[in-house]
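S.K.: There's a structure below that I have some questions on.
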Amino acid sequence: MMKQWTTDIAVRWTMRTVTYFIVAAVASIVADIVWNGLPALTWEFVTGPPRESGAAGGIFPVIVGTCYLMVGTISVALPLGMSSAIYLSEYARQGRFTRAVRLAIITLAGVPSIVFGLFGLGLFVLFFGFGSSILAGSLTLACMVLPTIIVASEEALRAVPQYLREGSLALGAGKWQTIQKNVLPYAIPGMVTGSVLSIGRAAGETAPILLTAAAFYLPNLPRSVFDPCMALPYHLYVLATQHPDAVKVQPMQYGTALVLVALVLGVNLGAILLRLHFRKKYKW
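Here the sequence shown is numbered in the numbering used here, starting from -11 and rising by one per residue.
Here it is in structure tokens:
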């Protein structure tokens, strides 16, 4: 009994130490970005175009390009991912083929983003002839986050108690009516949260848009989905690795990083608020 108690204490303190270490590491990184990025965060920086190869000016076209890519990614990945999850969870016959499909989806969720970038370059940029454009970048990012959305949405659907389905079917409701009225309202919080969080991850990816959509400097904002765009992660990558005067552009680096972190945090906060809203609306 004493040995078991000692083991429990040791495990608890080990887990607590690891957790505190991770929190401290993340907090130190965020604090460094905020401390060095706030002085660069001026009205001109947020609303103006970049000048002098990114060493001066602002990042307004960069923010707009990132928002375009995120909207395009959401428009493609969200309906496809949720529809696929509903089919796999509610309609598909459970067997070897379905298990193989799920395994393939889980495997794709762990594929490095550069592989999706090369895939998008070969398929959307070259084969379909979209060129380096918002459309090609959005489709590539959608392919990258699609497995994560499917997995998260299917897990949310599985968490809904089976008796809600059986009760609805027993009262004479159809399959889709049961899913629409008795399943989706309770699964939506988890589906939306997982989906939006994956979109937040896509907003910070550099490799896929490097090969399919991003440009370092464009004098004008994109006019259609077939135009390339500037994007925060690629802009930050170029400032940090390609600019000849690293010291001069350091304030721009931190300012761009702070805006990118704020954008991703805003997306994640939106996911949390949506989850809370749906949880209050549909309690079970």
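Backbone N, C-alpha and C fix where the C-beta goes; we use that ideal spot for every residue, glycine too.
I need the straight-line Cα distance from V14 to F214, nearest angstrom please.
M.R.: Mapped onto the sequence shown, residue 14 falls at position 26. Mapped onto the sequence shown, residue 214 falls at position 226. Distance between the alpha carbons of V14 and F214: 37 Å.
S.K.: So the alpha helix (DSSP H) E142 belongs to, where does it begin and stop?
M.R.: Locating residue 142 in the sequence shown gives position 154, where the first residue counts as 1. Counting along the chain, the alpha helix (DSSP H) containing E142 begins and ends at 122 to 146.
S.K.: In the DSSP assignment, find the unbroken alpha helix (DSSP H) run with K163 in it and report its ends.
M.R.: Here residue 163 refers to the residue found at position 175 when the sequence shown is read from its first residue. Here the alpha helix (DSSP H) through K163 covers 163 to 166.
S.K.: Can you grab the Cα-Cα spacing for the pair L253 / M240, in whole Å?
M.R.: By one-based count along the sequence shown, residue 253 stands at place 265. By one-based count along the sequence shown, residue 240 stands at place 252. Straight-line Cα distance between these residues: approximately 20 Å.
S.K.: Please return the same chain residues whose Cβ sits closer than 7 Å to the Cβ of A130, not counting the five positions on each side in sequence.
M.R.: Within the sequence shown, numbered from 1, the residue matching residue 130 stands at position 142. Answer for A130: T61, V64, A65, listed in chain order.
S.K.: Quick one, are the C-beta atoms of Y174 and V148 less than 9 Å apart?
M.R.: As a working note, residue 174 is residue 186 in the sequence shown. As a working note, residue 148 is residue 160 in the sequence shown. Taking 9 Å as the Cβ cut-off, Y174 and V148 qualify as a contacting pair.
S.K.: In terms of residues, what are the limits of the alpha helix (DSSP H) holding M179?
M.R.: On the sequence shown, position 191 is the one that residue 179 refers to. Here the alpha helix (DSSP H) through M179 covers 172 to 191.
S.K.: Under three-state DSSP, which class holds G45?
M.R.: Against the sequence shown, residue 45 aligns to sequence position 57. Of the three classes helix, strand and coil, the one that applies to G45 here is strand, per DSSP.
S.K.: Are A28 and L220 closer than 9 Å when you measure CB to CB?
M.R.: Residue numbering aside, residue 28 sits at position 40 when the sequence shown is read from its first letter. Residue numbering aside, residue 220 sits at position 232 when the sequence shown is read from its first letter. It is not a contact, given that the beta carbons lie outside the stated cut-off.
S.K.: Take T194 and list the residues in its own chain whose beta-carbon comes closer than 7 Å to its own, dropping the five residues that flank it on each side.
M.R.: The residue given as residue 194 occupies position 206 in the sequence shown. Answer for T194: P221, Y222, Y225, listed in chain order.
S.K.: With 16 as the cutoff for other CB atoms within 10 Å, does P67 come out buried or exposed?
M.R.: Numbered from 1 along the sequence shown, position 79 holds the residue referred to as residue 67. It is exposed - the Cβ of P67 has fewer than 16 other Cβ atoms within 10 Å.
S.K.: Out of Y8, D20, C217, L261, which one is the CA nearest neighbour of T54?
M.R.: Counted from its first residue, the sequence shown places residue 54 at position 66. Comparing Cα-Cα distances from T54 to each of Y8, D20, C217, L261, the minimum goes to C217.
S.K.: Suppose contacts are defined by Cβ-Cβ distances below 9 Å. Is S212 in contact with E142 by that definition?
M.R.: Taking the sequence shown and counting its residues from 1, one reaches residue 212 at position 224. Taking the sequence shown and counting its residues from 1, one reaches residue 142 at position 154. No, these two residues do not count as a Cβ contact at 9 Å.
S.K.: Terminal residues of the continuous alpha helix (DSSP H) containing E32?
M.R.: Here residue 32 corresponds to residue number 44 of the sequence shown, with the count starting at 1. Its alpha helix (DSSP H) spans residues 31 to 35.
S.K.: In this structure, how does DSSP classify P207 when only helix, strand and coil are distinguished?
M.R.: In the sequence shown, counting from the first residue as 1, residue 207 sits at position 219. Three-state DSSP puts P207 in coil, outside helix and strand.
S.K.: Run the CB neighbour count on A234, radius 10 Å, all protein chains shown included, and call it buried at 16 or more, exposed below.
M.R.: One-based indexing of the sequence shown puts residue 234 at position 246. Exposed.
S.K.: Could you give the DSSP three-state label for S81: helix, strand or coil?
M.R.: The residue given as residue 81 occupies position 93 in the sequence shown. Checking the displayed sequence, the identity of residue 81 turns out to be Arg instead of Ser. The answer is coil: DSSP assigns R81 none of H, G, I, E or B.
S.K.: Given that a residue counts as buried once 16 or more other Cβ atoms are within 10 Å of its Cβ, and exposed if not, what is P207?
M.R.: One-based indexing of the sequence shown puts residue 207 at position 219. The residue in question, P207, is exposed, as its Cβ has fewer than 16 Cβ neighbours within 10 Å.
S.K.: Buried or exposed, going by whether 16 or more other CB atoms sit within 10 Å of the CB of I137?
M.R.: Position 149 of the sequence shown, counted from the first residue, corresponds to residue 137. It is buried - the Cβ of I137 has at least 16 other Cβ atoms within 10 Å.
S.K.: Check each candidate in I74, E32, D20, S126 and name the one with the smallest Cα separation from A146.
M.R.: Here residue 146 refers to the residue found at position 158 of the sequence shown. In the sequence on display, residue 146 carries Arg and not Ala. Taking only the C-alpha atoms, the option nearest R146 is I74.
S.K.: Within the chosen definition, does the stretch 167 to 187 reach the stretch 253 to 268 through at least 3 CB pairs nearer than 8 Å?
M.R.: Contact holds: three or more Cβ-Cβ distances are below 8 Å.
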